[in-house]
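A.B. asks:
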Amino acid sequence: MNGLPYLVAAWLLVVGVYGMVTSRHLVHLVVCLTVAQSSTYVLLLAVGYRDGAAAPVFKSQPASTPVVDPIVQTLTLTDVVVEATVAALLLALTVQVKKRFGTVDPDELAAMRD
Amino acid sequence: MTVASLAILVPLLAAALVAGVRTSIGRAAGEALAVTAAAATAALCAVLVVRAGGPLDVLWLGGWAPVDGMPVGIALTPDVMGGGMALFSALLAVVALLSSRRLTEAADPLFHALVLVLLAAMVGFCLGADLFTLFVFFELMSVCAYALVALRSAEPSPLQGGVNFAITNSLGAILLLFGVGLLYGRTGALNLARIGDVLSAQGPPDALVVVAFALVAGGLLVKAAVVPFHFWLADAYAAASSPVCLLLAGAFTELGLFGLVRVYWNVFAEPFAGHEGAVRVVFVVLGLATALVGAMMALEQRHLRRMLAFVTTSTIGISLAAIGLLEAHALAGAMVWALADGCAKAALFVGVGALERRFGTIDAGELHGRGRDMPFTGAAFAVAGLAIAGLPPLGPFWGKGLVDHGAELVPGFAWLPWAIAVPSLLIGAAVLRAGAGIFVGIGEPPRVDPSTREAREEPEPPEGRDPILTAAALLLTLAAVGLGAAPGLLDATLTAAAAALDTEAVHAAVLFGAQVTPAELGAPFPSALAWAIGILSACAAAVVAWIALLGAARSNAPAPARSAMQAMRDLHSGHVGDYVLWLAAGFVALGGALLAGLT
Numbered sequence: 010m011n012g013l014p015y016l017v018a019a020w021l022l023v024v025g026v027y028g029m030v031t032s033r034h035l036v037h038l039v040v041c042l043t044v045a046q047s048s049t050y051v052l053l054l055a056v057g058y059r060d061g062a063a064a065p066v067f068k069s070q071p072a073s074t075p076v077v078d079p080i081v082q083t084l085t086l087t088d089v090v091v092e093a094t095v096a097a098l099l100l101a102l103t104v105q106v107k108k109r110f111g112t113v114d115p116d117e118l119a120a121m122r123d
Numbered sequence: 251m252t253v254a255s256l257a258i259l260v261p262l263l264a265a266a267l268v269a270g271v272r273t274s275i276g277r278a279a280g281e282a283l284a285v286t287a288a289a290a291t292a293a294l295c296a297v298l299v300v301r302a303g304g305p306l307d308v309l310w311l312g313g314w315a316p317v318d319g320m321p322v323g324i325a326l327t328p329d330v331m332g333g334g335m336a337l338f339s340a341l342l343a344v345v346a347l348l349s350s351r352r353l354t355e356a357a358d359p360l361f362h363a364l365v366l367v368l369l370a371a372m373v374g375f376c377l378g379a380d381l382f383t384l385f386v387f388f389e390l391m392s393v394c395a396y397a398l399v400a401l402r403s404a405e406p407s408p409l410q411g412g413v414n415f416a417i418t419n420s421l422g423a424i425l426l427l428f429g430v431g432l433l434y435g436r437t438g439a440l441n442l443a444r445i446g447d448v449l450s451a452q453g454p455p456d457a458l459v460v461v462a463f464a465l466v467a468g469g470l471l472v473k474a475a476v477v478p479f480h481f482w483l484a485d486a487y488a489a490a491s492s493p494v495c496l497l498l499a500g501a502f503t504e505l506g507l508f509g510l511v512r513v514y515w516n517v518f519a520e521p522f523a524g525h526e527g528a529v530r531v532v533f534v535v536l537g538l539a540t541a542l543v544g545a546m547m548a549l550e551q552r553h554l555r556r557m558l559a560f561v562t563t564s565t566i567g568i569s570l571a572a573i574g575l576l577e578a579h580a581l582a583g584a585m586v587w588a589l590a591d592g593c594a595k596a597a598l599f600v601g602v603g604a605l606e607r608r609f610g611t612i613d614a615g616e617l618h619g620r621g622r623d624m625p626f627t628g629a630a631f632a633v634a635g636l637a638i639a640g641l642p643p644l645g646p647f648w649g650k651g652l653v654d655h656g657a658e659l660v661p662g663f664a665w666l667p668w669a670i671a672v673p674s675l676l677i678g679a680a681v682l683r684a685g686a687g688i689f690v691g692i693g694e695p696p697r698v699d700p701s702t703r704e705a706r707e708e709p710e711p712p713e714g715r716d717p718i719l720t721a722a723a724l725l726l727t728l729a730a731v732g733l734g735a736a737p738g739l740l741d742a743t744l745t746a747a748a749a750a751l752d753t754e755a756v757h758a759a760v761l762f763g764a765q766v767t768p769a770e771l772g773a774p775f776p777s778a779l780a781w782a783i784g785i786l787s788a789c790a791a792a793v794v795a796w797i798a799l800l801g802a803a804r805s806n807a808p809a810p811a812r813s814a815m816q817a818m819r820d821l822h823s824g825h826v827g828d829y830v831l832w833l834a835a836g837f838v839a840l841g842g843a844l845l846a847g848l849t
């Protein structure tokens, strides 16, 4: 185990944020958000990783077997569910924006308000 | 101790029920069901608050209590502070549900279900005692709030406000979760008390712990809309309907600060011992900056709900500056202030909703003088404005008095009462000016910008006055005014604040089941200085409102002041990319400042 996963996590976060800052398309914006989000998955899994350890399932292996941390895996799963909800909601809003206002550019939408 | 779990389950199950049967029982029955569920939640929370007077009664879900101080299960800690916030949220949810039929033109039956899920998440957030539970409820309430803001999707601004709200807050939540991951990696724990114990056993904080704190605190401050994370709030609240706004402005935003209090004192207070000075400076500076930016932007607005959104930002800043003193009296003061001015803001949102229902617009210029026959709503505006400005002996003043007392106890911060009087008099002035223009017709109507004029449809014909809405606005104002007079409220708040700050006692109760009864404290009577500041700032608010009404300030202001205001307006551009950039820069600055001060 080395520092590489942490670098990957930080990189995903930075490119995700960069993409959100420069985005001109709502779908692109949502995808960038999910890229930034995936950095937390990598981070959480990296935190719980152990060299040479097995999956945390004890049915077919003795209870003394070293396993990776199951808690961060459940956290990641929960997080995936939460973020799928957010992405679905944002994409639904994007569909509404396109249907009613004929644009998917967040700046054009901003110019339309009031 | 099943009351705590019921307080989360009742609104959640009722939401599923309301959503499931909404087509077959009709809107009125759905509304009645939702109001009943919210009221039942409020009753359960009230039971929690009453019971929380004794030793902290920790609930371990499924009976997974810690062994030898090593927690594995999930805990709920219904203390007075958390229970009180939950109770306040539930009461505001009842008001929002009751007023929804009169204030939302889009009769969407899913509205009630969303409000109930939001309420369940807020209660869960108030009671949660581990980082991941806090994160999950934090995200659940955010998702409901995004949907509630964007519900009126027939217009561009709710969609735009909803998208900006969702993008910035989701990014904040991602960074918060990043911090949670770092803390778990360092301590192997998610329970707040356990993380705190492990961290303080590891000695003075290193860079990783400080960065984790910056990420968690920053994520919560995005929710609380603290400068420079505040941009989403005005877009979202300006676009949402009034019932949604009163719930979000009164409770949801405050919960960001509540989370910060929970996390700071349960996790970081002990490891950061000896570095309080640096934490104080960071939070007080952030709070004052937020309060000032919000106040100046509020004075600028013609759109009434946008104005109230900036008033909310400003009041959050004042609360953060008070909490940042890291002192029990100041924390209690921030809590009283949050309650009293939450009621005042709710009254103002109901009043604005009544204006919108009647005249079809909430532009201060178009409404100028048209509210002359609505004396009670006008009175609610006037009293709420004076209360927010800190006029004694109205409710918010008692909170300020406690904060002033706390500031005297912290060396080097005796000037803070004066500093927080400035933004509060400015937001008071913003409310008073709007009220005097609309309900009395004083001064020239603000100039109408032709570009916005064209875009808007012709105003709808006025409807009749709505006595129920007037009564609701008056009742909420009365609650804001009378809060300080509620017997024992100040003492109970101070006791609760001191108990929340007693990290050792909380850890002993959570990890080892210790039964510690918090000592009863008596709140000091506000000092003569606090009375003087309160009266002065209320008078100054009236003067500023008068000057602004006569339109003198804008034309006579010196050029640098005008260009500074223009620059600040331009910053609130509505471009979500800019908001994300500010958010990222804010996180870097917050982390840098904390690293410089703490390591």
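Sequence order for the protein chains is H and G. For the first sequence, the tail end lands on 123 under our numbering, and the numbers increase by one without skipping. For the second sequence, the tail end lands on 849 under our numbering, and the numbers increase by one without skipping. The C-beta atom is built at its ideal place from N, Cα and C for all residues, glycine as well.
#1: With DSSP run on the structure shown, which of helix, strand or coil describes H:Tyr28?
#2: For the alpha helix (DSSP H) that contains H:Tyr50, what are its first and last residues?
#3: Per DSSP, what kind of secondary structure is G:Val310 in: helix, strand or coil?
#4: Establish whether the CB of G:Ala835 and some CB of chain H are separated by less than 8 Å.
#5: For the alpha helix (DSSP H) holding G:Gln410, just list the boundary residues, first then last.
#6: Rounded to whole angstroms, what is the Cα-Cα separation between H:Ser69 and H:Val77?
#7: Answer yes or no: do G:Gly469 and G:Gly429 have a C-beta to C-beta separation smaller than 8 Å?
#8: Please list, in chain order, all residues of the same chain as G:Lys650 whose beta carbon is under 6 Å from its beta carbon, the five residues on each side excluded.
#9: According to DSSP, G:Leu326 sits in a beta bridge with which residue or residues?
#10: Look up H:Ala72 in the DSSP assignment and say whether it is helix, strand or coil.
#11: May I have the straight-line CA-CA distance separating G:Cys593 from G:Ser492, to the nearest angstrom?
#12: Can you list, in chain order, the residues of its chain whose CB lies under 8 Å from that of G:Tyr829, leaving out five sequence neighbours each side?
#13: What are the residues that DSSP puts in a beta bridge with G:Val317?
#14: Under 8 Å, do G:Trp648 and G:Gly734 count as touching if we go by C-beta distance?
#15: G:Gly678 lies in the alpha helix (DSSP H); which residues open and close that run?
#16: Does H:Pro115 have its Cβ less than 8 Å from a Cβ in chain G?
#17: Quick test of your reading: G:Thr627 and G:Asp591, contact by CB under 8 Å. State the CB separation rounded to the nearest angstrom.
#18: Taking 8 Å as the cut-off, does the segment 319-336 of chain G touch the segment 744-752 of chain G (at least 3 CB pairs, one atom from each stretch)?
#19: Can you give me the start and stop residues for the alpha helix (DSSP H) that G:Pro493 sits inside?
#20: For H:Phe110, decide whether its Cβ has a neighbour in chain G, counting only Cβ atoms nearer than 8 Å.
#21: Considering G:Tyr514, what are the terminal residues of the alpha helix (DSSP H) in which it resides?
#22: Tell me whether G:Val760 is buried or exposed, calling it buried when 16 or more other Cβ atoms sit within 10 Å of its Cβ.
#23: Find out if the Cβ-Cβ distance for the pair G:Ala370, G:Ala288 is shorter than 8 Å.
#24: Buried or exposed: where does H:Arg59 fall if 16 or more other Cβ atoms within 10 Å of its Cβ makes it buried?
#25: Check the C-beta distance from G:Phe479 over to G:Leu833 and give it rounded, since I have them as a contact under 8 Å.
#26: Going by Cα to Cα distance, which pick from G:Trp668, G:Met546, G:Phe522, G:Leu724 is closest to G:Val230?
#27: Listing by chain order, which chain H residues have their CB less than 7 Å from the CB of G:Pro406?
#28: Alpha carbon to alpha carbon, how far is G:Glu606 from G:Tyr487? Give it in angstroms, no decimals.
#29: Which residues share a DSSP beta bridge with G:Asp613?
#30: Among the residues of its own chain, which have a CB less than 6 Å from the CB of G:Ala671, if the five just before and after it don't count?
#31: Please state whether DSSP places G:Ala736 in a helix, a strand or coil.
#32: Please decide whether G:Val830 counts as near chain H, where near means a Cβ-Cβ distance under 8 Å.
#33: Find the residues of chain G that neighbour H:Asp88, judging by a C-beta separation of less than 7 Å, and give them in chain order.
#34: Helix, strand or coil for G:Ala451 per DSSP?
#35: Is it buried or exposed for G:Gln410, if we count other Cβ within 10 angstroms and need 16 for buried?
C.D. replies: Reading off the structure:
#1: Correcting the residue identity first, residue 28 of chain H is Gly in this sequence and not Tyr. Note: H:Gly28 maps to helix in three-state DSSP.
#2: Going by DSSP, H:Tyr50 is part of the alpha helix (DSSP H) stretching over 35-57.
#3: In the sequence on display, residue 310 of chain G carries Trp and not Val. Residue state, collapsed to three classes: strand.
#4: Not closer than 8 Å to any Cβ of chain H, the Cβ of G:Ala835 fails to qualify, so no.
#5: From DSSP, the alpha helix (DSSP H) with G:Gln410 extends over 406-437.
#6: Cα to Cα, H:Ser69 sits roughly 15 Å from H:Val77.
#7: Yes.
#8: Closer than 6 Å at the Cβ level, and outside the excluded window around G:Lys650, lie Gly640.
#9: Per DSSP, G:Leu309, G:Gly378.
#10: The answer is coil: DSSP assigns H:Ala72 none of H, G, I, E or B.
#11: G:Cys593 and G:Ser492: Cα-Cα distance of roughly 14 Å.
#12: In chain order, Asn414, Ile417, Thr418, Phe481, Trp482 place their CB closer than 8 Å to the CB of G:Tyr829, counting only its own chain and leaving out the 5 sequence neighbours on each side.
#13: Answer is G:Met320, bridged to G:Val317.
#14: Cβ distance < 8 Å, so G:Trp648 and G:Gly734 count as in contact.
#15: That run of the alpha helix (DSSP H) goes 666-685.
#16: In terms of beta-carbon proximity, H:Pro115 lines the interface with chain G, with at least one pair separated by less than 8 Å.
#17: Rounded, the Cβ-Cβ distance is 19 Å, inconsistent with contact.
#18: Yes, since at least three Cβ pairs between the segment 744-752 of chain G and the segment 319-336 of chain G fall closer than 8 Å, the two stretches touch.
#19: First-last of the alpha helix (DSSP H) with G:Pro493: 492-497.
#20: Output row for H:Phe110: interface = yes.
#21: Note, G:Tyr514: premise wrong, no alpha helix (DSSP H); not H, not E.
#22: It counts as buried.
#23: Between G:Ala370 and G:Ala288, the C-beta spacing is not below 8 Å.
#24: Answer is exposed; the Cβ neighbour count stays below 16.
#25: Going by Cβ atoms, the distance from G:Phe479 to G:Leu833 rounds to 6 Å, so yes, they are a contact pair.
#26: Absent from the structure is residue 230 of chain G, since the part of chain G shown begins at 251 and ends at 849.
#27: Result: Phe110, Leu118, Met121, Arg122.
#28: Rounded to whole angstroms, the separation of the alpha carbons of G:Glu606 and G:Tyr487 is 15 Å.
#29: According to DSSP, which records beta bridges pairwise, G:Asp613 is partnered with G:His553.
#30: Ile783, Ser787, listed in sequence order.
#31: Coil at G:Ala736, not helix or strand.
#32: Using a Cβ-Cβ cut-off of 8 Å, G:Val830 counts as an interface residue toward chain H, since at least one Cβ of chain H sits closer than that to its own.
#33: Simply Leu427.
#34: Here DSSP, grouped into helix, strand and coil, assigns G:Ala451 to helix.
#35: Buried: at least 16 other Cβ atoms inside 10 Å.
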